[in-house]
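What follows is a short report on a single structure.
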Amino acid sequence: MSLFSTPFDTARDTALVTGAGNGIGRAIALGLVGEGVRTMFADVSAERVRAAISASEKPGLAAPWVGDLARPEACDELLAAAQAALGEVTHFVHSASPPRREADHALAVDRRTWQEMHAVNLDAGFHLARELARRLIAAKRPGSFLFLTSLHAGTPRNLLHYSTAKAAMAMLVKELAKTLGRYDIRVNALVPGAIAAGGFVADPALARHVPLGRLGQAKDLAPMALTVLSNKLSAYVTGAAFVVDGGLSLTNWFEPPTLD
Ligand SMILES: NC(=O)c1ccc[n+]([C@@H]2O[C@H](COP(=O)([O-])OP(=O)(O)OC[C@H]3O[C@@H](n4cnc5c(N)ncnc54)[C@H](O)[C@@H]3O)[C@@H](O)[C@H]2O)c1
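Numbering-wise (the working numbering), the sequence shown opens with residue 111 and increments by one.
Below is the structure:
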């Protein structure tokens, strides 16, 4: 029997992907639909959700949801919409994150921008995951959750509203994994490097620091995301952080050796 041919149970597995309108979330949501998983595409931008779903191989498996996850009530609305469209959500991906602006450094970032970054990444991630977990526990179903964290959960980004939100999210993954493991609900982190996906305006010169010699693309993240999400491929994996960065995090004050 092939291990890789059917990574999901398409009769039972269902997915909710936040930030599915663009970049990495969109690539993961499209990947899930491509594998035959009924998936809700959630995003603050109606136009992006529409475009993402129409790019899908099987739009009939995709359900749209549009709302601002910085609003606590929006999380409840999303949960109700997901339940109505999909029934129990078994696979949850939290990729939504407000734009990062270089001008929002420590001395400039305003209270609203700070709060929005934490509200979407951390608060919405926690409340959605906890409610989805409660429902899975009641239904005695396994689950798999994936949070998009960042290398900047552990190293500064000059955007402390972003790095602090991601650092907290990295701990959220570990806490949830430890608590929910007994219910067969796995919780992991995907840690992208420099991905020219939309949320990060990449200077192509950065490629010099990437051992694999190029910036990443959203589609570089989807295969690892689906592997970790799959209960078949990653049944014994929880509380882990998967770095997909072309080796960027190996960069330090030593240049690679000169080879001739
Ligand atoms: N691109 C990178 O290099 C990189 C690196 C490390 C981590 N990440 C993380 O990966 C995730 C995806 O990054 P990306 O570059 O693909 O981002 P992106 O900006 O391309 O996509 C994020 C999506 O989230 C949506 N969104 C923003 N605010 C929202 C809100 N309030 N409610 C609902 N949806 C909202 C946006 O509309 C957008 O479609 C983010 O969590 C990001 O922090 C990205």
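Each residue gets a CB set at the ideal place from its N, CA and C atoms; glycine is no exception.
Residues of its chain near Leu300, where Cβ-Cβ distance is below 6 Å and the 5 sequence neighbours each way are ignored:
Within the sequence shown, the letter at position 190 stands for residue 300. Result list for Leu300: Leu256, Leu258, Ala335, Phe352, in chain order.
Could you give the DSSP three-state label for Ser164: helix, strand or coil?
Start at 1 with the first residue of the sequence shown, and residue 164 comes out as number 54. In the structure shown, Ser164 adopts helical secondary structure according to DSSP, grouped into three states.
Where Ala152 and Val127 are concerned, what is the direct C-alpha to C-alpha distance, given to the nearest angstrom?
For the purposes of this step, residue 152 is identified with residue 42 of the sequence shown, where counting begins at 1. For the purposes of this step, residue 127 is identified with residue 17 of the sequence shown, where counting begins at 1. If you take the alpha carbons of Ala152 and Val127, they lie about 6 Å apart.
Compute the distance between the beta-carbons of Gly303 and Gly356, then report whether it is under 8 Å.
Position 193 of the sequence shown, counted from the start, is the residue given in the question as residue 303. Position 246 of the sequence shown, counted from the start, is the residue given in the question as residue 356. In contact: Gly303 and Gly356 (Cβ atoms closer than 8 Å).
Taking 7 Å as the limit between beta carbons, can you name the residues of its chain near Gly129, skipping five residues before and five after?
If you number the sequence shown from 1, residue 129 lands on position 19. Same-chain partners within the cutoff: Gly135, Asp153, Ser205, Ala206, Ser207.
With the cut-off set at 8 Å, would you say Ala345 and Ala328 are in Cβ contact?
Counted from its first residue, the sequence shown places residue 345 at position 235. Counted from its first residue, the sequence shown places residue 328 at position 218. Result no, Cβ atoms of Ala345 and Ala328 do not sit closer than 8 Å.
Is it buried or exposed for Gly133, if we count other Cβ within 10 angstroms and need 16 for buried?
Against the sequence shown, residue 133 aligns to sequence position 23. Looking at its Cβ environment, which holds 16 or more other Cβ atoms inside 10 Å, Gly133 is buried.
Output the distance between the C-alpha atoms of Ala195 and Ala173, rounded to the nearest integer angstrom.
Position 85 of the sequence shown holds residue 195. Position 63 of the sequence shown holds residue 173. The straight-line gap from Cα to Cα measures roughly 7 Å.
Does the separation of the CB atoms of Ala156 and Val176 fall below 8 Å?
As a first step, residue 156 is located in the sequence shown; it is residue number 46 there, counting from the start. As a first step, residue 176 is located in the sequence shown; it is residue number 66 there, counting from the start. Taking a C-beta distance under 8 Å as the contact criterion, Ala156 and Val176 qualify as a contact pair.
Measuring straight from C-alpha to C-alpha, what distance separates Ala275 and Leu232?
Here residue 275 is taken as the residue at index 165 of the sequence shown, counted from 1. Here residue 232 is taken as the residue at index 122 of the sequence shown, counted from 1. About 6 Å.
Report yes or no: do three or more beta-carbon pairs, one from the region 280-292 and one from the region 307-320, lie closer than 8 Å?
Short answer: they don't touch.
Just tell me which of Pro266, Thr348, Leu261, Arg267 has its CA closest to the CA of Leu360.
In the sequence shown, residue 360 corresponds to position 250, counting from 1. Of Pro266, Thr348, Leu261, Arg267, the residue nearest in Cα terms is Leu261.
Cβ of Gly356 versus every heavy atom of ligand 1: is any distance shorter than 7 Å?
Taking the first residue of the sequence shown as position 1, residue 356 is located at position 246. Gly356 has its Cβ no nearer than 7 Å to any heavy atom of ligand 1.
Can you tell me where the beta strand (DSSP E) holding Ile134 begins and where it ends?
Working through the sequence shown from its first residue, we reach residue 134 at position 24. That residue, Ile134, is in no beta strand (DSSP E); its alpha helix (DSSP H) goes 133-144.
I need the DSSP call for Val203, collapsed to helix, strand or coil.
Along the sequence shown, read from residue 1 onward, the residue named residue 203 stands at position 93. If DSSP states are grouped into helix, strand and coil, Val203 belongs with the strands.
Is the region 220-239 close to the region 176-187, with three or more CB pairs under 8 Å?
The region 220-239 makes contact with the region 176-187; the number of CB pairs closer than 8 Å reaches 3 or more.
Does the region 197-204 come close enough to the region 244-253 that 3 or more CB-CB pairs lie under 8 Å?
The region 244-253, when compared against the region 197-204, does touch it at the 8 Å Cβ threshold.
Secondary structure of Gly264, DSSP reduced to three states
Residue mapping note: residue 264 aligns to position 154 of the sequence shown, counting from 1. Here DSSP, grouped into helix, strand and coil, assigns Gly264 to coil.
Are the beta-carbon atoms of Leu286 and Ala239 separated by less than 8 Å?
The residue given as residue 286 occupies position 176 in the sequence shown. The residue given as residue 239 occupies position 129 in the sequence shown. Yes, Cβ-Cβ distance for Leu286 and Ala239 is below 8 Å.
Measure from the alpha carbon of Leu322 to the alpha carbon of each residue in Ser340, Asp214, Pro366, Leu140, then state which is nearest.
For this step, residue 322 is matched to residue 212 along the sequence shown. Residue Pro366 is the option with its Cα nearest to Leu322.
Cβ of Phe310 versus every heavy atom of ligand 1: is any distance shorter than 7 Å?
The sequence position of residue 310 within the sequence shown is 200, counting from 1. Checking the Cβ of Phe310 against ligand 1 gives yes.
Could you work out which residue in Leu217, Val230, Ala184 is closest to Leu269 when comparing CA atoms only?
For the purposes of this step, residue 269 is taken as residue 159 along the sequence shown, with counting starting at 1. The option with the nearest alpha carbon to Leu269 is Leu217.
CA nearest to the CA of His392, picked from Val347, Ala243, Tyr272
For the chain, the structure presents residues 111 to 370; residue 392 sits outside this window and is missing.
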